[in-house]
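A quick write-up on the structure given underneath.
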Amino acid sequence: MNVALPALIVFIILLPGFIFRSGLKRAERTSVDFSPFGRAVAESVVWAVLIHLALLSLSSAVFARQFEPTILMNLLSSAPVIQAQAVQLVGAEFASIARYIVFVLLLSHAIPIVVRTAISRFRLDRDSAAFSAIFRFHDAPWYYLLTGADFAEDEQPDMVIVSAIVEVAKEAVLYVGVLDDFYFDSEGQLDRLILQKVSRRPLASDKPLDGNGSDRFYPIDGDNFVLRYSEAITLNVQYVKLTALEPQGASVNAGR
1 MNVALPALIV
11 FIILLPGFIF
21 RSGLKRAERT
31 SVDFSPFGRA
41 VAESVVWAVL
51 IHLALLSLSS
61 AVFARQFEPT
71 ILMNLLSSAP
81 VIQAQAVQLV
91 GAEFASIARY
101 IVFVLLLSHA
111 IPIVVRTAIS
121 RFRLDRDSAA
131 FSAIFRFHDA
141 PWYYLLTGAD
151 FAEDEQPDMV
161 IVSAIVEVAK
171 EAVLYVGVLD
181 DFYFDSEGQL
191 DRLILQKVSR
201 RPLASDKPLD
211 GNGSDRFYPI
221 DGDNFVLRYS
231 EAITLNVQYV
241 KLTALEPQGA
251 SVNAGR
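Each residue of the sequence shown is one higher than the last, beginning at 1 in our numbering.
Dropping the structure here:
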């Protein structure tokens, strides 16, 4: 009995489901997926079954090629003679089967990208959306915080301003800038923020209570300012929505 062959076949059959599940998630962690093993396997098996059913049905309708489940069962058989006969039948159609496997793997990688893009484009994952419990990317909390993805489309912020307090030479310094991009480490923790138009000031020069202080911020030269999240003591996120120009000047609505 060839024990390795059934294991290889099961692996090939279920692999598209694991690829599909992994690609569909917007996860900030890039290392090990700590989802419960049973849930991860169950979801992957369901996706694999659905993908194969859809493609086999399409193949039957378009190419008039019928799937023979008995051949698959014989390949998984523990009887050497039955298994060998099934191998010969598969060998006769090896080119078609190989094309199907390659197509399934490519499709299981491409479809999640399209679905994930559509979910974000039509804002189906927004916290107040009707089916957010289904479409929301629960493994990406920083994504929603730093992009303002939970706003309605007409309230989408034009920019996100980040304020962070960093200890420099044992002195607390406040940095303020427009968020351009952000990155995570392999454990899903926020690693660094890319800011533009950054200004700084010592926290000791905070705004007086009467609000009559002079310009307390000092601009920082440069195009991109890299702020490491591990060095930030506090982090403040402000969403800014620009409105149309009025005769008196530009009006800005900020905050959430």
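Beta carbons are placed, not taken as given, at the ideal position from N, Cα and C, and that holds for glycine.
When the options are compared against residue i, the one with the closest alpha-carbon
i: LEU227; options: SER205, GLY188, GLY177, ASP221; result: GLY177
i: TYR100; options: ALA64, ALA130, VAL114, LEU56; result: LEU56
i: SER108; options: PRO219, THR234, PRO16, ALA79; result: PRO16
i: SER77; options: LEU5, TYR229, PHE217, VAL240; result: LEU5
i: THR234; options: PHE137, VAL166, ALA110; result: VAL166
i: ASP221; options: LYS241, GLU231, TYR229, ARG200; result: ARG200
i: ILE97; options: PRO219, GLY38, HIS52; result: HIS52
i: ARG116; options: PHE103, VAL198, PHE135, PHE131; result: PHE135
i: LEU50; options: GLY38, ALA84, ILE13; result: ILE13
i: TYR229; options: GLN88, TRP142, VAL62, ALA84; result: TRP142
Neighbourhood of residue i by C-beta distance below 8 Å, restricted to the same chain and skipping five residues each side
i: ASN224; result: ASP180, ILE194, LEU195, GLN196
i: ASN236; result: VAL162, SER163, ALA164
i: PRO202; result: GLU171, ALA172, VAL173, LEU174
i: SER128; result: ASP150, ALA152
i: LEU105; result: LEU15, PRO16, ILE19
i: PHE217; result: VAL176, SER199, ARG200, ARG201
i: SER132; result: LEU124, ASP125, ARG126
i: ILE9; result: LEU72, LEU75, LEU76
i: VAL90; result: ILE71, LEU75, ILE97
In DSSP terms, what residue i is bridged to
i: ARG200; result: TYR175, TYR218
i: ASP181; result: ILE194
i: ASN238; result: Note that residue 238 corresponds to Gln in the displayed sequence, not to Asn. ILE161.
i: VAL166; result: VAL173, ALA232
Opening and closing residue of the alpha helix (DSSP H) in which residue i lies
i: GLN132; result: The sequence given here places Ser at residue 132; Gln does not occur at that position. Run containing SER132: 132-135, per the alpha helix (DSSP H) assignment.
i: THR117; result: 94-121
i: PHE11; result: 4-24
i: THR147; result: 141-147
i: THR70; result: 69-75
Any non-hydrogen atom of the ligand ZN within 7 Å of residue i CB
i: LYS241; result: With respect to the ligand ZN, the structure shown offers nothing to examine, as it has no ligands at all.
Close Cβ partners of residue i (< 6 Å) along its chain, the five nearest in sequence each way excluded
i: TYR144; result: ASP150
i: PRO146; result: Reading the sequence as shown, one finds Leu at residue 146 and not Pro. Result list for LEU146: PHE182, in chain order.
i: PHE18; result: SER44
i: ARG65; result: SER59
i: ALA86; result: ILE71, ASN74, LEU75
i: SER205; result: ARG216
Residue range of the unbroken beta strand (DSSP E) whose run includes residue i
i: PHE225; result: 225-228
i: SER128; result: Per DSSP, SER128 belongs to no beta strand (DSSP E) and is neither H nor E.
Nonlocal neighbours in the same chain, by C-beta distance under 7 Å from residue i, ignoring five residues either side
i: SER22; result: none
i: GLY148; result: GLN156, PRO157, VAL160, TYR239
i: ILE82; result: ASN74
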